[in-house]
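This report refers to the structure that appears directly beneath it.
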Amino acid sequence: MARISPLVAIPPLAFAALAAMFLWGMGRDDPNGLPSAMVGRQAPALPQTTLPGKTQLTDDMLRQPGVKLVNFWASWCPPCRAEHPTLIDLAKRMPVYGVDLRDTEANALAFLAQDGDPFAALATDPKGRGAIDWGVTAPPETFIVDGEGRVLYRHAGPLIREDYTHRFLPELEKALSAQD
Numbered sequence: 025m026a027r028i029s030p031l032v033a034i035p036p037l038a039f040a041a042l043a044a045m046f047l048w049g050m051g052r053d054d055p056n057g058l059p060s061a062m063v064g065r066q067a068p069a070l071p072q073t074t075l076p077g078k079t080q081l082t083d084d085m086l087r088q089p090g091v092k093l094v095n096f097w098a099s100w101c102p103p104c105r106a107e108h109p110t111l112i113d114l115a116k117r118m119p120v121y122g123v124d125l126r127d128t129e130a131n132a133l134a135f136l137a138q139d140g141d142p143f144a145a146l147a148t149d150p151k152g153r154g155a156i157d158w159g160v161t162a163p164p165e166t167f168i169v170d171g172e173g174r175v176l177y178r179h180a181g182p183l184i185r186e187d188y189t190h191r192f193l194p195e196l197e198k199a200l201s202a203q204d
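Okay, here's the thing in structure tokens:
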């Protein structure tokens with residue numbers, strides 16, 4: 025009688041483990057969501073530079089009453105350009121603050137002049153050090169911040185289509201209703 029090598033069991037077991045991992049991943053609440061260590065904590069310090077002619081975004085502004093947004097963006101970022109009309113609409117409802125990430129002053133100013141400036145105040149982060157403190161992986165990323173300067177939610181990616189309506193807006197509405 026021929027003996028079967030135990031090595032024959034390795035491929036089916038590896039496949040079963042991989043299939044189980046995929047099934048677990050598909051069953052998560054938000055498989056596209058990236059967890060943020062910042063949620064529930066005080067917003068980190070902001071860069072202390074801004075664009076010429078713009079209001080400097082300060083840490084005190086994040087601690088003023090009411091819900092506000094902090095958006096990390098760049099003129100060279102196509103998804104940032106795609107979400108820009110959404111930011112302009114949101115700025116009619118609440119303060120939207122911007123952090124211009126790894127951009128040149130000339131390009132950032134030209135972008136805002138051409139497409140509109142939704143930002144109540146701005147900071148610039150030319151080397152990306154402030155973005156690291158906030159846990160930003162790539163622009164655009166938008167944070168919902170409460171009246172005490174605490175981060176309530178982090179949205180990675182552009183505020184467009186289903187991501188905006190199904191992921192971001194429910195979190196924003198929850199934050200706005202909690203302030204009432």
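Residues 25 to 204 (my numbering) make up the sequence shown, in order. A virtual CB, placed ideally from N, CA and C, is assigned to each residue, including glycine.
Would you check if there are 3 or more beta carbon pairs closer than 8 angstroms linking the segment 86-105 to the segment 169-178?
Result yes; three or more Cβ-Cβ pairs closer than 8 angstroms.
Label F39 either buried or exposed according to how many other C-beta atoms from any shown protein chain fall within 10 Å of its C-beta, with 16 as the threshold for buried.
Translated into the one-based positions of the sequence shown, residue 39 becomes position 15. Around the beta carbon of F39, fewer than 16 other beta carbons sit within 10 angstroms, so the residue counts as exposed.
Measuring alpha carbon to alpha carbon, tell me which of Y121, T189 and A155 ends up nearest A144.
By 1-based counting over the sequence shown, the position of residue 144 is 120. The candidate whose alpha carbon is nearest that of A144 is Y121.
Report the partner residues of G122 according to the DSSP bridge assignment.
Here residue 122 refers to the residue found at position 98 when the sequence shown is read from its first residue. DSSP links G122 through a beta bridge to N95 and L146.
Need the endpoints of the beta strand (DSSP E) that A137 sits in, please.
As a position in the sequence shown, residue 137 is number 113, starting the count at 1. From DSSP, A137 is part of no beta strand (DSSP E) but of the alpha helix (DSSP H) over E129 to D139.
Under a Cβ-count criterion, where at least 16 other Cβ atoms within 10 Å of its own Cβ denotes burial, should N131 be classed as buried or exposed?
The residue given as residue 131 occupies position 107 in the sequence shown. With fewer than 16 Cβ atoms within 10 Å of its Cβ, N131 is classed as exposed.
Beta carbon of A155 nearer than 8 angstroms to that of D127:
On the sequence shown, position 131 is the one that residue 155 refers to. On the sequence shown, position 103 is the one that residue 127 refers to. Their beta carbons are not under 8 angstroms apart, which means A155 does not touch D127 by this criterion.
Residue burial classification, K123 (beta-carbon count within 10 angstroms, cutoff 16)
On the sequence shown, residue 123 is found 99 positions in, with the first residue counted as 1. In the sequence under discussion, the amino acid at residue 123 is Val, which differs from the Lys named in the question. Its Cβ being crowded by 16 or more others within 10 Å, V123 is buried.
N- and C-terminal bounds of the beta strand (DSSP E) containing T73:
If you number the sequence shown from 1, residue 73 lands on position 49. Where T73 is concerned, there is no enclosing beta strand (DSSP E), given that its DSSP letter is neither H nor E.
For I168, three-class secondary structure by DSSP
Locating residue 168 in the sequence shown gives position 144, where the first residue counts as 1. Note: I168 maps to strand in three-state DSSP.
Expected contact under 8 angstroms - CB spacing of A106 and I184 to nearest Å:
Along the sequence shown, read from residue 1 onward, the residue named residue 106 stands at position 82. Along the sequence shown, read from residue 1 onward, the residue named residue 184 stands at position 160. With 8 angstroms as the limit, A106 and I184 qualify as a contact, their Cβ atoms being about 5 angstroms apart.
Under the DSSP definition of a beta bridge, which residues are partnered with H179?
Sequence index remark: in the sequence shown, residue 179 carries index 155 (1-based). According to DSSP, which records beta bridges pairwise, H179 is partnered with T166.
Coarse secondary structure for R105, derived from DSSP in three states:
Locating residue 105 in the sequence shown gives position 81, counting from the first residue. Assigned with DSSP and collapsed to three states, R105 falls in helix.
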